[in-house]
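Heads up: the sequence lines are chains Z and E, in that order. full-length UniProt numbering puts the first residue of the first sequence at 1, with every later residue one more than the last. full-length UniProt numbering puts the first residue of the second sequence at 1, with every later residue one more than the last. Glycine included, C-beta positions come from ideal geometry on N, C-alpha and C. Before any comments, here is the structure.
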Amino acid sequence: MSAILEVRGLEASYGDRTVLRGLDFEVAEGGVTALLGANGAGKTTTLRAICGTVRRRGEIRFAGKRIERMPTESIVRLGIAQVPEGRGTFATLTTEENLHLGAMTRPNGRDISLDIERCYSIFPRLKERRSQQAGTLSGGEQQMLAIARALMLRPKLMLLDEPSFGLAPMITKHIFEILAEVKRESGVSMLIVEQNASLALRFADQAYLIETGSIVMSGEAKIIREDEGVRASYLGY
Amino acid sequence: MDLFIHQVIAGFATGGIYACMALAVVMIYQAIHHLNFAQGEMAMFSTYLGWQLLAWGAPYWAVFPLVMAISFAGGLAIERIVVRPIENAPVLSHVVIFIALFAIFNSAAGFIWGFTIKPVPSPFGEGALYPGAPIGKHQAGMLVVTMIVLSLLWAFFRFTRVGLSMRAASVNPESARLVGVRVSLMNGLGWGMASAIGALAGLLIAPVVFLEPNMMLSILLYGFAGAVLGGLSSPLGAVLGGFIVGIVENLAGTYIPVIGGELKLSIALFLIVAVLLVKPAGLLGRRTVQRV
Ligand SMILES: Nc1ncnc2c1ncn2[C@@H]1O[C@H](COP(=O)(O)OP(=O)(O)OP(=O)(O)O)[C@@H](O)[C@H]1O
Ligand SMILES: [Mg+2]
């Protein structure tokens with residue numbers, strides 16, 4: 001399978017502090033790649049570097065096109081949607097306005113209302129809260145909203161930063177089922193960051209392990225999952 | 001009772017002007033999280049432009065939209081040229097820039113047009129609205145125009161995509177960027193719109209306070225007061241705050257004899273402090289947790 005996202009020698013820094021030190025990884029077209037690693041390893045920074053919200057160097061190719069010099073707004077227009085760490089809710093806007101914002105780069109039209117209805121059928125909870133201020137939704141509802149907002153772009157690639165963060169196991173399971181269904185239906189590719197390694201490895205095809213800004217291991221998710229040594233020394237479960 | 005109602009209505013009319021200034025202040029505050037004290041001087045300068053066009057014989061109703069359009073472009077240009085480059089600079093750099101803008105507009109207006117007071121004719125005519133009316137023709141016109149403009153603005157923010165993008169950019173700039181909103185363009189638009197609204201306020205109030213380089217000083221103070229009272233995070237609150245300040249100012253001047261005309265400003269500000277002691281974020285404001 002060809003890669004929709006190819007990253008070579010990616011470096012990123014905050015001020016004069018270098019956080020990523022030359023990462024190489026790929027996301028296959030229609031595939032799911034997981035980024036694993038301890039707190040502070042640089043996973044969130046990697047997603048920010050792809051979208052251009054942090055200073056970066058190196059080569060990032062999306063669908064064959066170099067994007068490492070593009071501004072964030074243009075990268076989004078290519079079809080890369082991010083579900084950011086902490087959900088990135090527009091707190092004082094309503095649920096429905098948050099969804100409209102997800103489609104802001106698409107031409108205005110009936111499609112958008114249809115897609116909002118589709119999001120409501122995937123997440124009926126959001127429909128009940130459509131005119132509620134999004135900041136007053138529960139954590140799980142806000143996570144659903146963040147995913148729905150990303151879907152509103154009709155993305156080719158979704159970047160998901162810890163979609164299970166702070167959620168009860170039942171809700172986490174529900175969210176991953178929905179992600180699997182979205183992937184089956186629309187063939188969107190995904191790059192997913194997760195603390196919960198066992199969950200991520202079951203969901204992903206390919207996985208990379210990051211330690212202090214470098215990739216220390218990579219391979220097929222299935223193989224990593226079954227490797228006792230890796231599990232004990234890196235993943236700790 | 002009649003007197004009371006009359007004073008409330010008159011307060012509404014000036015309150016509309018304060019509401020415009022408060023809204024202008026809040027729009028810029030939402031974009032850059034600083035209070036722009038040059039807002040009043042920008043509005044004063046726009047008013048002089050309008051006066052100049054009128055003096056050259058342009059019809060009033062052409063001058064209005066034209067001056068608002070010029071002010072929009074001017075506000076956008078100020079944002080691009082002096083505010084954007086210091087986006088991440090400390091508070092003091094912003095303060096210095098605002099003081100500079102204040103001084104530049106104030107002395108430029110004095111230099112070009114002189115410091116003597118100029119009367120400005122009202123487009124709505126002189127005298128009472130009807131015999132025995134609580135307000136004059138000009139105040140009535142002022143109220144109608146501000147109400148129309150404020151309603152249009154409300155509809156713009158509520159129902160248009162650009163309006164929604166501007167709100168998103170101010171609520172959560174990082175997320176706004178991630179959905180493809182051009183946040184810096186939205187900030188520029190915010191400056192442009194704020195300065196056009198300021199121009200409107202200046203043009204409308206000029207026949208009441210007369211035209212001179214310091215005409216907007218106390219009006220901006222009332223505008224600030226309205227913005228803080230309503231909540232700096234809420235444009236609707238700012239408008240409401242502006243109206244409340246106008247009404248309170250008028251009632252205090254009428255009913256508390258020792259206050260008269262001179263101390264109206266202090267009583268209004270005193271009431272605001274009292275409200276803020278109870279509701280620190282303003283009437284409609286939200287207390288936000290500072291993002292890091
Ligand atoms: N805005 C910032 N300014 C300065 N340093 C930052 C900033 N954001 C992150 N860092 C630093 O960069 C390093 C990597 O952070 P990052 O958020 O990418 O880690 P992470 O792998 O996502 O961690 P977590 O699992 O806790 O979310 C950390 O050491 C962090 O302190
Ligand atoms: Mg993180």
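Would you check if the distance between the CB atom of residue i and the CB atom of residue j is smaller than 8 Å?
i: Z/Leu153; j: Z/Gly79; result: yes
i: E/Ile99; j: E/Ile86; result: no
i: E/His6; j: E/Pro121; result: no
i: Z/Val32; j: Z/Phe203; result: yes
i: residue 298 of chain E; j: E/Pro235; result: Here chain E covers residues 1 to 292 and nothing more, so residue 298 of chain E does not appear.
i: Z/Thr94; j: Z/Gly135; result: no
i: E/Ala169; j: E/Met147; result: no
i: E/Ile247; j: E/Gly11; result: yes
i: Z/Leu35; j: Z/Val182; result: no
i: E/Gly242; j: E/Met42; result: no
i: Z/Phe165; j: E/Asn172; result: no
i: Z/Ile75; j: Z/Gly58; result: no
i: E/Val275; j: E/Leu229; result: yes
i: E/Glu79; j: E/Trp154; result: no
i: Z/Met158; j: Z/Val83; result: yes
i: E/Lys264; j: E/Ala252; result: yes
i: Z/Leu160; j: Z/Met190; result: yes
i: Z/Leu137; j: Z/Arg129; result: yes
I'd like the span of the beta strand (DSSP E) that includes residue i, first residue to last.
i: Z/Met190; result: 189-193
i: E/Gln7; result: Counting along the chain, E/Gln7 falls outside any beta strand (DSSP E), though it belongs to the alpha helix (DSSP H) covering 2-32.
i: Z/Ile60; result: 55-62
i: Z/Val83; result: 80-83
i: Z/Leu160; result: 157-161
Given residue i, which residues of its chain have a CB within under 7 Å of its CB, disregarding the five upstream and five downstream residues?
i: E/Leu150; result: Ala19, Val239
i: Z/Leu99; result: Ile116, Cys119, Ala148, Arg149, Met152
i: Z/Gly88; result: Ala146
Along chain A, in chain order, which residues have C-beta atoms closer than 9 Å to that of residue i?
i: E/Ala168; result: Of the protein chains in this structure, namely Z and E, none is chain A.
Is it right to say residue i is buried, meaning 16 or more other beta carbons lie within 10 angstroms of its own, or is it exposed?
i: Z/Ile210; result: buried
i: Z/Arg66; result: exposed
i: E/Phe56; result: Reading off the sequence, residue 56 of chain E comes out as Trp, not Phe. Exposed.
i: E/Leu143; result: buried
i: E/Trp51; result: buried
i: Z/Ile72; result: For the sequence presented, residue 72 of chain Z should be read as Thr rather than Ile. With 16 or more Cβ atoms within 10 Å of its Cβ, Z/Thr72 is classed as buried.
i: E/Ala103; result: exposed
Once you ignore the five residues that flank residue i on each side, which residues in its own chain have a CB closer than 6 Å to its CB?
i: E/Met215; result: Met44, Val209
i: E/Gly141; result: Phe124
i: Z/Gly42; result: Val19, Leu20, Ile210, Gly213
i: E/Ser71; result: Ser46, Ser195, Ala196, Ala199
i: E/Gln139; result: Ala13
i: Z/Val216; result: Leu209
Just reading off the alpha helix (DSSP H) that residue i is part of, what are its end residues?
i: E/Leu229; result: 217-230
i: E/Gly110; result: 91-113
i: Z/Gly140; result: 139-151
i: E/Phe157; result: 137-159
i: E/Tyr130; result: First-last for E/Tyr130: undefined, no H or E at that position.
i: E/Gly57; result: Where E/Gly57 is concerned, there is no enclosing alpha helix (DSSP H), given that its DSSP letter is neither H nor E.
i: Z/Ala103; result: Premise fails: Z/Ala103 is in no alpha helix (DSSP H) and is neither H nor E.
i: Z/Val76; result: 72-77
i: Z/Asp227; result: Run containing Z/Asp227: none; DSSP gives neither H nor E here.
i: Z/Leu199; result: 197-203
i: E/Ser175; result: 173-178
i: E/Gly188; result: 183-209
i: Z/Leu167; result: No alpha helix (DSSP H) holds Z/Leu167; DSSP gives it neither H nor E.
i: E/Glu79; result: Unbroken run through E/Glu79: none, as it is neither H nor E.
i: E/Phe124; result: Premise fails: E/Phe124 is in no alpha helix (DSSP H) and is neither H nor E.
i: E/Pro235; result: 235-255
i: Z/Leu47; result: 43-51
i: Z/Arg125; result: 124-128
For residue i, which beta-bridge partners are listed by DSSP?
i: Z/Leu209; result: Z/Leu36, Z/Met217
i: Z/Lys183; result: The partner list for Z/Lys183 (beta bridge, DSSP) is empty, contrary to what the question assumes.
i: Z/Arg17; result: Z/Tyr14
i: Z/Ala3; result: Z/Ala28
i: Z/Lys65; result: Z/Phe62
i: Z/Asp111; result: Note: Z/Asp111 sits in no beta bridge, so no partner.
i: Z/Arg87; result: In the DSSP output, where bridge partners are listed per residue, Z/Arg87 has none listed.
i: Z/Arg8; result: Z/Glu59
i: E/Lys118; result: E/Leu211
i: Z/Leu23; result: Z/Leu10
i: Z/Gln133; result: Z/Thr94
Suppose the cutoff is 8 Å on Cβ atoms and the five residues either side in sequence are ignored; what does the same chain contact list for residue i look like?
i: E/Leu189; result: Leu76, Val162, Met166
i: Z/Gln132; result: Thr94, Thr95
i: Z/Ser2; result: Ala28, Glu29
i: Z/Ile112; result: His100, Ala103, Arg106, Met152
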